[in-house]
Every structure is written in structure tokens, then in C-alpha cells.
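Undergrad: For the sequence shown, the UniProt record's numbering gives the first residue as 1, with consecutive numbering after it.
We treat Cβ as the ideally placed atom computed from N, Cα and C, and that holds for glycine.
One structure follows; several queries about it will come next.
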Amino acid sequence: MKKKFRRIAGIILGILILTGALSIYFIWQSHDGKAPAMDPAKRELWKSQAYNYILETDYEHLTLFNYTTDSVLPFAYGHIERDGTVWIDKIRGNALFNMLMWKPMPIGRFQNGTLSDEIGYRKQFDRIDQMPQVGISRFSEDPIQNFETFWQIFDENYALFGVHSAEWKKLYDDYRPKVKSDTSAGELKQVFKEIIQKLDDGHTQVIAGMQGIASQAKEDPRTAFYMNNGKKMKEIIQKTYFPDGLNSQLDGAIQYGQIQEGIGYIAVDSFNHFDMLQVNPAIDQVVHRLSDVDQIIVDLRFNGGGSDAFGLDLVSRFAASQTLAYTKTARNHKGYDSFLPPTPIYIEPNENRINAAEIIVLTSRLSTSAAETTRMAFGELNNVTVIGETTNGVFSDMMFNILPNQWIVTLSGEKYTDARGNIYEGAGMPPDEEVIYTEEDLDSERDPVMAKALELLK
């Protein structure tokens with residue numbers, strides 16, 4: 001009887017193990033980026049005039065390629081909706097990255113060779129008959145091919161050589177001899193690390209599997225202070241000003257409430273929501289709940305970035321007229337200092353807005369990327385005062401690229417300027433009034449930035 005029971009238990013265990021293994025396999029397969037089947041009768045190829053993209057599409061499915069002078073490789077797969085909205089669903093291969101790190105996102109609306117995004121920025125494409133004939137069109141572990149592709153990606157697209165003054169051609173001369181046909185993956189990774197750390201750019205990194213290599217070699221102490229103490233700082237805000245708690249939208253990305261009658265508070269800790277069909281109604285709800293305030297604090301101190309469109313929509317809820325927020329441009333492939341004409345990005349007033357007489361925006365060294373473009377836009381409104389600390393200094397969108405060995409490379413492919421033509425990449429954008437949050441403030445559970453904001457609103 002016992003033998004029979006053990007035999008049955010063994011069979012059940014085997015079935016469970018097999019079922020689990022199959023489940024893992026199918027989950028893995030569902031996240032492994034693979035080329036979609038396209039209708040050959042409808043298939044078209046479009047090559048970007050700037051950047052380094054080729055779109056292959058039948059207007060239902062889409063493959064996004066990266067190209068350089070000597071390479072063309074598929075980077076991502078997605079789909080196009082009926083209105084032309086392009087979604088990037090998965091990165092090529094790398095199932096674990098797709099499962100844990102990547103989420104499908106819209107990148108704009110593609111019509112007649114123009115990819116237009118939510119803030120009004122346009123990427124232009126030319127129709128081509130066939131893929132460029134290049135030497136590197138297949139994935140390969142060859143270290144020399146990977147080095148050459150890596151170097152060309154930056155040489156042809158990196159927008160900030162004038163800010164992060166690395167001598168890129170000299171770096172080629174210094175490091176190319178170190179890469180040989182028998183160079184190991186670990187050695188190649190070290191070469192890439194040394195090169196990108198010459199740029200010291202927060203949007204530049206190499207991702208090998210799930211391991212990232214950052215361009216910034218040293219951690220900024222003020223950024224670290226906010227990252228390490230952010231949870232406690234938020235608890236202090238809640239305990240001091242909102243003992244009954246804050247309202248929230250978008251899974252807590254937005255938190256809001258009234259500090260006292262007439263003074264509202266909106267904390268946006270992340271702009272990492274890219275579907276504006278979800279973002280717009282969430283901000284509508286915030287505006288509705290705070291419609292009767294005439295003074296407001298917008299807290300961007302804990303915001304590491306995300307969608308410029310999200311941030312611009314937030315600013316639009318306080319604007320009375322169309323206002324230039326900033327300009328944006330990319331290189332035109334004619335040289336390190338040669339750019340397309342800058343595109344003006346405007347704050348368009350939203351009819352569903354808060355008519356606040358005074359707005360205080362809070363920033364820190366942790367305020368990064370889209371948080372910085374949002375701060376830049378807020379700064380163009382006449383009734384805004386920014387207090388806190390200088391932002392991180394990483395404005396450009398991240399350009400994603402793939403290497404022959406399927407490592408991912410990101411870089412800053414654009415240049416943002418404020419309405420007066422100033423560039424704040426690297427340095428960060430300073431506040432109107434600096435207020436430093438100290439360890440002593442933390443120990444005494446006092447937020448000096450919030451305290452100063454309320455003092456200014458009296």
C-alpha cells in the first residue's frame with residue numbers, strides 16, 4: 001500500500017514539475033521578443049532622417065531597426081493601431097528584461113513618413129526600397145563587430161559631445177587596439193565601461209542581460225541623500241501636513257491633498273506612465289479635487305523622470321495662454337555640432353485647470369529627465385517660484401540601441417534648451433531660491449523645503 005502511495009505521489013510530483021516547467025517555458029516564450037509575421041503585399045520600409053531608426057511595417061505589425069554606417073539590426077517589435085499610434089511591445093530577445101523591466105509604450109503617431117509624439121515633436125522618415133547593404137546585419141558575439149557598432153552609435157547620434165567633452169575619435173584610437181577577436185565578454189564590458197564613463201552622462205549606459213553599466217562613475221551625494229532617505233522624507237510630509245493621508249492616482253505616482261484651506265499640494269513621484277489615455281483622466285481627477293485652491297505646491301523632489309508628455313500635461317493645468325516651454329532637437333548626421341532646426345514645444349492651456357494665483361515648485365538633485373523638462377516648463381509661467389535644489393542635469397530622451405551581441409546601449413540623442421536658449425545638461429537647472437534638506441532636518445523630522453514654500457505663500 002505504501003509503495004503504491006509513493007508511486008502515485010511520484011507521478012503527481014512529476015506532473016507538477018512538468019506543468020511548472022511548461023508554464024515557465026510558455027511565460028518565457030511570451031516575453032521573448034520575436035519578429036512578427038508581416039503581410040508582404042503591405043510591407044514598407046522607412047528610414048529616419050535623424051536618429052538611427054528604420055521602421056519595417058505592414059501598418060499592423062512593426063519592427064524597429066537600429067542602423068549605423070556599417071550595421072543594421074532589429075531592436076524592438078510592436079504594433080500600429082488604426083489611428084497610426086505606434087506601440088513598442090518588446091525588445092528583441094531578452095525575455096527576462098522584457099518581463100521585469102520593459103512595459104509596452106506608445107512612441108507617437110506615424111503617418112506619411114512623420115512620427116509625431118504627444119508633445120508635438122516630430123521625427124521625419126524617408127521611404128526606402130530595401131534595407132541598407134552593410135557588413136553587420138546579423139547578431140554575433142564577435143568583439144570587434146560589437147566594438148565598431150558601439151562606437152558608431154555614439155559617433156553618429158550622441159548629441160552632447162559639446163557638453164560632456166569627451167574626445168570621441170581619440171577614444172577610438174585608444175581603445176580599439178585593446179579589442180581583438182579573442183577578447184572575452186567581460187573584457188569587452190570593461191572597455192565599454194571605461195569609455196562611457198568618460199561621458200559622465202546619466203542617460204548613457206550599457207545593459208548586458210540584466211546587468212547595467214552606468215556612465216556616471218561617482219554618485220552625487222545630494223542625489224544619494226534623497227534616494228536613501230526618500231521614504232522617511234515622505235513620511236514626515238504625511239505626518240506633518242496630512243495626518244489623514246493623501247489622495248492618489250496612477251498607482252501612487254500622483255499624491256495630492258489640501259495642506260490647509262486654499263493651499264493645495266501635488267506630489268508627482270514618477271512620470272513613468274506613457275499612455276496619455278490613462279494620464280489625462282488621472283490629472284483631471286486631481287484638478288477636480290483641488291479646483292477651489294488659489295495657492296499650490298507641486299513637489300517634484302522624488303521624481304526620477306519618465307514621460308515629457310505627462311509632465312507637460314501637468315503644467316498645462318496651470319497655464320492661461322499658450323507658452324513656449326522649451327525647444328528640442330537632434331543631430332542631423334553631419335557632424336558633432338550639426339543639428340536639425342530646433343522644434344518649439346508649447347504649453348497649451350487645458351480648459352480643465354486650477355486657477356492658482358501662486359505656484360511653488362519643489363526640486364532636488366533627484367529630479368531627473370522628464371522631471372527637469374517639467375520644471376523647465378513650469379519656470380515659464382509668471383506665477384511660479386521654484387525652491388529646493390538644482391536638478392540632476394539629464395534632460396535628453398534616452399535613445400535605445402542594440403549591439404550584435406544583443407547588449408543594449410542607451411545614450412542622450414537630443415538637446416533641450418529653455419525659452420531663452422540656455423542648456424542645462426550636466427549642470428542641472430537651479431531653483432529660484434535654494435533650500436537644502438540636511439541630516440539634522442531629517443533627525444528632527446522637519447521638511448525645510450515645505451516650510452519655506454508655506455512661508456512664501458503667506
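Taking DSSP's pairing of strands, which residues face Arg109 in a bridge?
TA: Thr85 and Ser116.
Undergrad: The alpha helix (DSSP H) spanning Gln278 covers which residue range?
TA: Taken as a continuous stretch (DSSP letters only), the alpha helix (DSSP H) holding Gln278 covers Met276 to Arg289.
Undergrad: Rounding to the nearest angstrom, what Cα-Cα distance links Glu445 and Leu457 in this structure?
TA: Computed Cα separation, rounded: 21 Å.
Undergrad: In chain order, which alpha helix (DSSP H) runs of at least 4 residues are fully inside the region 305–371?
TA: With a minimum length of 4 residues, the continuous alpha helix (DSSP H) runs that stay inside the region 305–371 are 308–316.
Undergrad: Verify whether the separation of the beta carbon atoms of Ser71 and Thr149 is less than 7 Å.
TA: Yes, the Cβ-Cβ distance between Ser71 and Thr149 is below 7 Å.
Undergrad: So what's Ile423 in DSSP terms, helix, strand or just coil?
TA: In the structure shown, Ile423 sits in coil (DSSP, three-state: anything other than H, G, I, E or B).
Undergrad: Judging by CA-CA distance, which residue of Gly186, Leu300 and Tyr226 is the nearest neighbour of Ile213?
TA: Answer by Cα proximity: Gly186.
Undergrad: For Asn332, count neighbouring C-beta atoms within 10 Å of its own C-beta (all shown protein chains included) and say buried if the count is 16 or more, exposed if not.
TA: Per the 10 Å Cβ criterion, exposed.
Undergrad: Anyone know if the C-beta pair for Asp201 and His164 falls short of 7 Å?
TA: In contact: Asp201 and His164 (Cβ atoms closer than 7 Å).
Undergrad: If I measure Cβ to Cβ from Thr85 and keep anything under 7 Å in the same chain, skipping five residues before and after, which residues do I get?
TA: Only Pro106 and Arg109 meet the Cβ criterion.
Undergrad: Check Leu457 in the structure and name its three-state DSSP category.
TA: Leu457 falls in the coil class under three-state DSSP.
Undergrad: Straight-line CA distance for Ile88 to Thr373?
TA: Straight-line Cα distance between these residues: approximately 23 Å.
Undergrad: Quick check on DSSP: helix, strand or coil for Thr375?
TA: Correcting the residue identity first, residue 375 is Arg in this sequence and not Thr. Of the three classes helix, strand and coil, the one that applies to Arg375 here is helix, per DSSP.
Undergrad: Would you identify the three-state DSSP class for Gln29, choosing helix, strand or coil?
TA: Because Gln29 carries a pLDDT of 45, less than 50, the predicted location of this residue cannot be relied on, and the following value inherits that uncertainty. If DSSP states are grouped into helix, strand and coil, Gln29 belongs with the helices.
Undergrad: So for Asn392, helix, strand or coil by DSSP?
TA: Coil, per DSSP.
Undergrad: Which complete beta strand (DSSP E) runs does the region 157–231 hold, if anything under 3 residues is left out?
TA: If we require 3 residues or more, the beta strand (DSSP E) runs fully inside the region 157–231 come out as 205–208 and 211–214.
Undergrad: Would you report the Cα separation of Arg365 and Val435, rounded to the nearest angstrom?
TA: C-alpha separation (whole angstroms): 12 Å.
Undergrad: Buried or exposed for Ala50, please, with buried defined as at least 16 other CB atoms from any protein chain shown within 10 angstroms of its CB.
TA: Result: buried.
Undergrad: What separation, rounded to the nearest whole angstrom, lies between the Cα atoms of Tyr77 and Gly93?
TA: Each residue's Cα considered, the two are about 10 Å apart.
Undergrad: Over what stretch of residues does the alpha helix (DSSP H) that includes residue 485 continue unbroken?
TA: Any answer about residue 485 is impossible in this case: the structure gives the chain only from 1 up to 458.
Undergrad: Does the region 403–413 come within contact of the region 142–157, defined as at least 3 CB pairs closer than 8 Å?
TA: Because the criterion of three Cβ pairs below 8 Å is met, the region 403–413 and the region 142–157 touch.
Undergrad: Which residue's Cα is closest to the Cα of Pro243: Asp294, Tyr256, Ser367 and Val287?
TA: For the residues Asp294, Tyr256, Ser367 and Val287, the minimum Cα distance to Pro243 belongs to Tyr256.
Undergrad: On the three-pair Cβ rule with 8 Å, is the region 406–416 touching the region 347–364?
TA: In short, these stretches do not touch, since the Cβ pair count stays below three.
Undergrad: Reducing DSSP to helix, strand and coil, say where Trp151 ends up.
TA: Here Trp151 sits in helix by DSSP.
Undergrad: Sorted by chain position, which residues of the same chain lie with C-beta nearer than 6 Å to Leu160's C-beta, five sequence neighbours on each side aside?
TA: If we look at Leu160 and ignore the five residues flanking it on each side, its Cβ neighbours are Ser412 and Glu425.
Undergrad: With the cut-off set at 7 Å, would you say Thr323 and Ile347 are in Cβ contact?
TA: Closer than 7 Å, so yes.
Undergrad: Between which two residues does the beta strand (DSSP E) holding Val72 run?
TA: Here the beta strand (DSSP E) through Val72 covers Ser71 to Ile80.
Undergrad: By a C-beta neighbour count over all protein chains shown, 10 Å radius and 16 as the cutoff for buried, is Asn301 buried or exposed?
TA: Per the sequence presented here, residue 301 reads as Arg, with Asn not at that position. Arg301 should be labelled buried.
Undergrad: Express the C-alpha separation of Pro104 and Ala309 in angstroms, rounding to a whole number.
TA: Near 16 Å, if we compare the C-alpha coordinates of Pro104 and Ala309.
Undergrad: For Gln145, which residues of its own chain have a beta-carbon under 6 Å away from its beta-carbon, when the five flanking residues on both sides are left out?
TA: Same-chain partners within the cutoff: Ile136 and Pro404.
Undergrad: Quick check: the Cα distance between Met227 and Ile128, rounded to an integer number of angstroms?
TA: Those two C-alpha atoms are separated by around 47 Å.
Undergrad: Using the rule of at least 16 other Cβ atoms within 10 Å of the residue's Cβ for burial, across every protein chain shown, is Ala325 buried or exposed?
TA: So Ala325 counts as buried.
Undergrad: In the DSSP output, which residue or residues are listed as bridge partners for Gln258?
TA: The partner list for Gln258 (beta bridge, DSSP) reads Gly264.
Undergrad: What first and last residue would you give for the beta strand (DSSP E) that runs through Val298?
TA: Val298 -> beta strand (DSSP E) spans Gln295 to Asp299.
Undergrad: Using CA atoms only, rank isn't needed, just tell me which of Asn355, Ala427 and Glu433 is closest to Val386.
TA: Considering only alpha carbons, the answer is Glu433.
Undergrad: How would you label Asn392, buried or exposed, when you count the other beta carbons within 10 angstroms and need 16 or more for buried?
TA: Flag for Asn392 reads buried.
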